[in-house]
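Novice: What follows is a structure written as structure tokens; I'll ask about it next.
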Amino acid sequence: MRSLILRTAARQLLPIFIIISIIIMLRGHNAPGGGFIGGLIAASAYILYDIAYGVVDARRVLRMDPLYLIGLGLACALGSGIPSFLIDSPFTAQEWITFTIPFYGKFAVTSPLVFDLGVYLTVIGVLLTIVFSLAEE
Amino acid sequence: MNVLIISPVIIPFTTAIILLLLFKLKSVQRYISLIGSLVSLGISISLLVHTIDSGILSVQIGNWPAPYGITIVSDLFSAIMVVMTALMSLTVNIYSMIDIDTKRIQYGYFPLINILLMGVNGAFLTGDIFNLYVWFEVMLMSSFVLMVLGGERKQMEGAVKYVTLNLISSALFLAGLGILYGEIGTLNMADIAYTLRATADATVTGSTAMLFFIAFGIKAAIFPLFFWLPASYHTPPASVSALFAGLLTKVGVYSLIRSFTLFFVQDATFFHEFMIIIAGFTMLTGVLGAASQFEFRRVLSFHIISQIGYMIMGLGIFTPLAIAGSIFFLIHNMITKTNLFFISGVVYRLKGSYELKKLGGLYASHPWLSIFLVISAFSLAGLPPLSGFWAKFALIKAGLQSQDYPIVFIALFVSMLTLFSMVKIWAEAFWKKQPSQKNDFKSKLSARDYIVMIIPIGMLALLAVAIGIGFEPLMNICMKAASQLLNPELYIQSILGGYPK
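Chains A and B are the protein sequences, given in the same order. Per the numbering used here, the first sequence runs over residues 26 to 162. Per the numbering used here, the second sequence runs over residues 771 to 1271.
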């Protein structure tokens, strides 16, 4: 599949897909979206790149073994439960920190967001591990 | 306190994450996993001590109140099982240092066993029936991969049977769950127990109880649902077999005991008689299967089945002594069965075969290994003063007290046959001279590796002796655990708290 159109498109689409995936992950707390669907979109950007350029280049663009993404994602998921220990409330209880940012207003960081980030990374890691191994067969 | 209850789940999980992040450093994987299991053991013992001191502990995940959120509960029975899991994890980790080759480490052996342990601990600690299903799946997924890891032909063959029957069991469990939830609208175990007590509809509880019994029965390998076990347990490396033998079927037994003491107590007489009959058949078929086998690990696999029968027998008799006997038997069986699988692995390393006919002369060349085998094998058969004797003593005494004479007779008869096949292993592999024509195998096991492999075997053998000699404190804890199980009001009270009566 060495099509010029696909190659050009894949290269241009990669950053757009990733930005969209992050937006979808972030809005998932109160609106449709979330870590899982965001992870799928981000992974599909790399899968498209893999189809256009081959697995060696796709791995180079990702810059790390997708296995580490799984590890990082699980670490985030676990980490989202840790703040609740510090104030002695049950595991994975939701904790909030609210900042006031100039010109923006109130901005809240929650522990479920960290969990969602974990899901996002794990989904990318798992999908790319599977796809890259299949592509290398 | 909140941290302590959930720790047996979190520590293997953390270990798995660290192992994944350091995936390329193959040489340090085994040490990280070993450290993780040491921490687990410490934490679980402290959880057990806390549970003995202050009764049933529970925590609401995510701070959602009881019937809605997921509850993690540690009563004595759970805490005992968690300690045993940590102990198995420690010994398996030491044994795996030598037994697992670089290729299997490369495919993620150590992260996988830690995920498996997380699933097992989760299943022991959860107080939510759907969450139990999730932990079962976590445990099964990693066990599927461990079963085929290494990709040998016979492993694939065993894994197909293992996966198929376990998927059927999960589907039945899920169906039972669905019916139960549709009828009473709750998944929290304490709430289920409470609601069923108030509004028991015999048809629904009867059918769900039977679905649960079959689902857990497949996992526990009871008669006539055990065929997957002897077909698959002898295929993976010895450390994987040992881990599975020590933990997986026991999770099935745990779930049976939990569900049939906590909430399926309406149609009790029918189920208790039914369980006693099943227990009898399980013991007999298991032990007869073992008697006809001449492959080391297949003999042991069939014995797992016959031993499961004893635990179900305790549940069927349903007196405090019988339940305590079942718990004691679980502890004893985890120790000795795992140890026998370890020994079979070392024998394979030394002689290059699991076939008893081709083995021999090990008593002359490896006396320590032989002594540990004798301890474990005779403990399994139930010779005093080893751990198995007291476990069987408690069960048989309970049987006599409640006048279930046929099952007592079967239990004693099966004990004798167990002794027969243990003596067969001893006589064939250890006592008789090495058959001379099959002597061409050269063992690659160095003296240092042999010592590392014998350490966990020695630990477990000593533990079997220690439990046998000092059985009384342990039996007291088991009696306490049984009385907690037989008074579900305590459990319901401690979780639902001020729930309307």
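All residues carry an ideal CB built from backbone N, CA and C; glycine is no exception. Predicted model only: the values in this text are computed from it and were never measured.
Quick one: which unbroken alpha helix (DSSP H) runs of 4-plus residues sit fully inside the stretch 51 to 93 of chain A? Chain order, please.
Specialist: DSSP runs (the alpha helix (DSSP H)) wholly in the stretch 51 to 93 of chain A: 60 to 78 and 80 to 87.
Novice: Spatial neighbours of S1149/B within its chain, please: CB distance less than 6 Å, with the 5 preceding and 5 following residues excluded, ordered by chain position.
Specialist: Taking the first residue of the second sequence as position 1, residue 1149/B is located at position 379. Only T1106, L1156, S1157, G1158 and A1234 meet the Cβ criterion.
Novice: According to DSSP, is S844/B part of a helix, a strand, or is it coil?
Specialist: Residue numbering aside, residue 844/B sits at position 74 when the second sequence is read from its first letter. It is a strand residue.
Novice: Is the Cβ of T135/A closer than 8 Å to any Cβ of chain B?
Specialist: Here residue 135/A refers to the residue found at position 110 when the first sequence is read from its first residue. So no, T135/A is outside the interface.
Novice: Taking only three categories from DSSP, how would you classify E167/A?
Specialist: Past the boundaries of the shown model lies residue 167/A; chain A is included only from 26 to 162, so the question cannot be answered.
Novice: Is there a Cβ of chain B sitting closer than 8 Å to that of Y145/A, yes or no?
Specialist: Walking along the first sequence from the start, residue 145/A turns up at place 120. So, not an interface residue.
Novice: Does the CB of A100/A have a neighbour CB from chain B at under 8 Å?
Specialist: Locating residue 100/A in the first sequence gives position 75, where the first residue counts as 1. Yes - at least one Cβ of chain B is within 8 Å of the one on A100/A.
Novice: What does the alpha-carbon distance come out to for the pair A968/B and R923/B?
Specialist: Along the second sequence, read from residue 1 onward, the residue named residue 968/B stands at position 198. Along the second sequence, read from residue 1 onward, the residue named residue 923/B stands at position 153. If I take the Cα positions, the gap works out to 54 Å.
Novice: Going by alpha carbons, who is nearest to Y903/B out of D845/B, F943/B and F783/B?
Specialist: Here residue 903/B corresponds to residue number 133 of the second sequence, with the count starting at 1. If we check each option's Cα against that of Y903/B, F943/B comes out closest.
Novice: Which value, in whole angstroms, describes the spacing of the CA atoms of S158/A and Q799/B?
Specialist: As a first step, residue 158/A must be located in the first sequence, where it is residue number 133. As a first step, residue 799/B must be located in the second sequence, where it is residue number 29. Those two C-alpha atoms are separated by around 22 Å.
Novice: Can you have a look at E161/A and say buried or exposed, based on whether 16 or more other CB atoms are within 10 angstroms of its CB?
Specialist: Within the first sequence, the letter at position 136 stands for residue 161/A. By the 10 Å Cβ count, E161/A comes out exposed.
Novice: Could you give the C-beta distance for S1140/B and Y1133/B, rounded to a whole number, given that I count them as a contact under 8 Å?
Specialist: Taking the first residue of the second sequence as 1, we reach residue 1140/B at position 370. Taking the first residue of the second sequence as 1, we reach residue 1133/B at position 363. With a Cβ gap of about 5 Å, S1140/B and Y1133/B count as contacting.
Novice: How is D113/A classed by DSSP in three states: helix, strand or coil?
Specialist: If you number the first sequence from 1, residue 113/A lands on position 88. Residue state, collapsed to three classes: coil.
Novice: Could you name the residues that DSSP lists as bridge partners for F132/A?
Specialist: In the first sequence, residue 132/A corresponds to position 107, counting from 1. Paired residues: F124/A.
Novice: Report the neighbours of T117/A on chain B: residues whose CB is nearer than 7 Å to its CB, in chain order.
Specialist: For the purposes of this step, residue 117/A is taken as residue 92 along the first sequence, with counting starting at 1. Correct list: I831 and G832.
Novice: Less than 8 Å between the C-beta atoms of V1113/B and I1082/B, yes or no?
Specialist: Taking the second sequence and counting its residues from 1, one reaches residue 1113/B at position 343. Taking the second sequence and counting its residues from 1, one reaches residue 1082/B at position 312. The displayed chain sequence assigns Ile, not Val, to residue 1113/B. Not a contact, by the Cβ cut-off of 8 Å.
Novice: For L827/B, report the span of its beta strand (DSSP E) as first-last.
Specialist: By one-based count along the second sequence, residue 827/B stands at place 57. Its beta strand (DSSP E) spans residues L827 to Q830.
Novice: Note the first and the last residue of the continuous alpha helix (DSSP H) segment covering R967/B.
Specialist: Position 197 of the second sequence, counting from 1, holds the residue named residue 967/B. Residues M959 to A968.
Novice: Which of helix, strand or coil does DSSP assign to D141/A?
Specialist: Within the first sequence, numbered from 1, the residue matching residue 141/A stands at position 116. If DSSP states are grouped into helix, strand and coil, D141/A belongs with the helices.
Novice: Taking only beta-carbon positions, decide if V773/B is within less than 8 Å of chain A.
Specialist: Indexing the second sequence from 1 puts residue 773/B at position 3. Yes, because at least one Cβ of chain A sits closer than 8 Å to the Cβ of V773/B.
Novice: With 7 Å as the limit, tell me which residues of the stretch 791 to 812 of chain B have their beta carbon closer than that to any beta carbon of chain A; keep them in chain order.
Specialist: Listed by position, the residues of the stretch 791 to 812 of chain B near chain A (Cβ gap below 7 Å) are L791 and F793.
Novice: Could you give the distance in angstroms between the alpha-carbon of L153/A and the alpha-carbon of L92/A?
Specialist: The residue you call residue 153/A lines up with position 128 of the first sequence. The residue you call residue 92/A lines up with position 67 of the first sequence. Rounded to the nearest angstrom, the two C-alpha atoms are 9 Å apart.
Novice: Hey, how far is the Cα of V1222/B from the Cα of N1109/B?
Specialist: Indexing the second sequence from 1 puts residue 1222/B at position 452. Indexing the second sequence from 1 puts residue 1109/B at position 339. Straight-line Cα distance between these residues: approximately 14 Å.
Novice: Verify whether the separation of the beta carbon atoms of T956/B and A990/B is less than 8 Å.
Specialist: As a first step, residue 956/B must be located in the second sequence, where it is residue number 186. As a first step, residue 990/B must be located in the second sequence, where it is residue number 220. Their beta carbons are not under 8 Å apart, which means T956/B does not touch A990/B by this criterion.
Novice: Does A37/A pass the burial test, meaning 16 or more other C-beta atoms within 10 Å, or should it be called exposed?
Specialist: Here residue 37/A is taken as the residue at index 12 of the first sequence, counted from 1. Reading off the sequence, residue 37/A comes out as Gln, not Ala. That one is exposed.
Novice: On the CB-based measure, 16 or more other CB atoms within 10 Å of its CB, does Q778/B come out buried or exposed?
Specialist: Locating residue 778/B in the second sequence gives position 8, where the first residue counts as 1. Note on identity: in this sequence residue 778/B is Pro, with Gln being the wrong assignment. So P778/B counts as buried.
Novice: If you follow the alpha helix (DSSP H) that W905/B is in, where does it begin and where does it stop?
Specialist: For the purposes of this step, residue 905/B is identified with residue 135 of the second sequence, where counting begins at 1. W905/B -> alpha helix (DSSP H) spans I899 to V918.
Novice: Taking just the CA atoms, how far does D961/B sit from I1262/B?
Specialist: Reading the second sequence from its first residue, position 492 is the one you call residue 1262/B. Reading the second sequence from its first residue, position 191 is the one you call residue 961/B. I1262/B and D961/B: Cα-Cα distance of roughly 7 Å.
Novice: Going by the beta-carbon positions, is the gap between L1129/B and V1144/B smaller than 8 Å?
Specialist: Here the question's residue 1129/B lines up with position 359 in the second sequence. Here the question's residue 1144/B lines up with position 374 in the second sequence. Against a cut-off of 8 Å, the Cβ pair of V1144/B and L1129/B comes out as no contact.
Novice: From F783/B to A102/A, what does the alpha carbon distance come to, in whole angstroms?
Specialist: Sequence index remark: in the second sequence, residue 783/B carries index 13 (1-based). Sequence index remark: in the first sequence, residue 102/A carries index 77 (1-based). About 11 Å.
Novice: Consider the Cβ of D113/A: report whether some Cβ of chain B lies at a distance smaller than 8 Å.
Specialist: Residue mapping note: residue 113/A aligns to position 88 of the first sequence, counting from 1. D113/A counts as touching chain B.
Novice: Here's the rule: buried if 16 or more other CB atoms are within 10 angstroms of the residue's CB, otherwise exposed. What is V1057/B?
Specialist: The sequence position of residue 1057/B within the second sequence is 287, counting from 1. With 16 or more Cβ atoms within 10 Å of its Cβ, V1057/B is classed as buried.
Novice: Give me the Cα-Cα distance between Q1036/B and P57/A, rounded to the nearest whole angstrom.
Specialist: Taking the first residue of the second sequence as 1, we reach residue 1036/B at position 266. Taking the first residue of the first sequence as 1, we reach residue 57/A at position 32. Each residue's alpha carbon lies about 44 Å from the other.
Novice: Output yes if chain B places a C-beta closer than 8 Å to the C-beta of F157/A; else output no.
Specialist: Mapped onto the first sequence, residue 157/A falls at position 132. It does not; no Cβ of chain B falls within 8 Å.
Novice: CA-CA distance, G60/A and I43/A?
Specialist: Within the first sequence, residue 60/A is the residue found at index 35, counting from 1. Within the first sequence, residue 43/A is the residue found at index 18, counting from 1. Cα to Cα, the separation comes out at about 13 Å.
Novice: Would you decide whether I1225/B is buried or exposed? Buried here means 16 or more other CB atoms lie within 10 Å of its CB.
Specialist: Within the second sequence, residue 1225/B is the residue found at index 455, counting from 1. Exposed, by the Cβ-count rule.
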